[in-house]
Amino acid sequence: HRTGARRDPHGGGDLRCVRRTLDQAPLGALIEHILVTYHRALHEELPRLESMARKVLDVHRDKDPERLAELLTVYLGLRAELEQHMAKEEQILFPLIEQGRGAMADGPISVMRHEHDSAATALRRLRELTNGYEVPPEACNTWRALWHGLAALEESLHEHIHLENNILFPRALAR
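As structure tokens, then:
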């Protein structure tokens, strides 16, 4: 890998190499990669981040009550949206694509893209509420872990959304 190349946050090496490989992978393998690399991690990470966000709000409510309360509200909305979104992909869209009926998936794919845009809006708001994930000087370990976890969530979701919007969906519709 070239020096300075961006690394895959999931340990897969240089992101350009990973993207090139996935761009040419069979659709079933691409879906499996999304499920294992992104969905599985989200199913584990989303509850953990919620627990930390609630704890930070409870413990530090007096320091910045409005911002921390809004952060929890935005996060809870994002979590609910992502969980519903992944369920639709796992139960409806991905099986349709794997059955070779991706060309019939224009409607569901349009919905998924709209939901991706909505998630990106929530991520932008989380970034604003955390001042770009800059850890406040008074932050405890949980607060620090929450900010780092939200930053990692944003990075992972951007990769996940890119993979679906720009590789999986166009290839599925072309079948």
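In our numbering, the protein residues as written are 169 to 343.
Cβ atoms here follow ideal geometry from the backbone N, Cα and C, with glycine treated the same way.
Predicted model, so just to flag it, every value in this text is computed and none were measured.
- CA-to-CA, the gap between L341 and K223 works out to about 44 Å.
- In the DSSP assignment, Y243 falls within the unbroken alpha helix (DSSP H) covering 233-256.
- Residue nearest to A237 within the set P263, L294, M272 is L294 (criterion: CA-CA distance).
- Per DSSP, D274 is one residue of the alpha helix (DSSP H) stretching across 274-297.
- Within the same chain, and ignoring the five residues on either side of E306 in sequence, the residues whose Cβ sits closer than 7 Å to its Cβ are K231.
- For P338, the closest of M272, Q252, Y301 by C-alpha to C-alpha distance is M272.
- If you compare the alpha carbons of E266, P215, M280 with that of L244, the shortest gap goes to P215.
- Straight-line measurement puts the Cα of R235 at about 31 Å from the Cα of T205.
- Where P215 is concerned, the enclosing alpha helix (DSSP H) starts and stops at 208-228.
- With a beta-carbon spacing of about 7 Å, L331 and L190 fall inside the 8 Å limit used to define contacts.
- In this model, T310 and H228 are separated by some 11 Å (Cα to Cα).
- In this structure, A319 is the residue among A248, L264, A319, P263 with its C-alpha nearest to the C-alpha of N299.
- Distance from the Cα of S219 is smallest, within the candidate group L325, I329, A313, for A313.
- Spanning the alpha carbons of W315 and L239 requires a straight line of approximately 11 Å.
- Residue state for A307 is assigned as coil, using DSSP reduced to three classes.
- The three-state secondary structure of G317, taken from DSSP, is helix.
- Between the alpha carbons of N333 and L325 lies a distance of about 12 Å.
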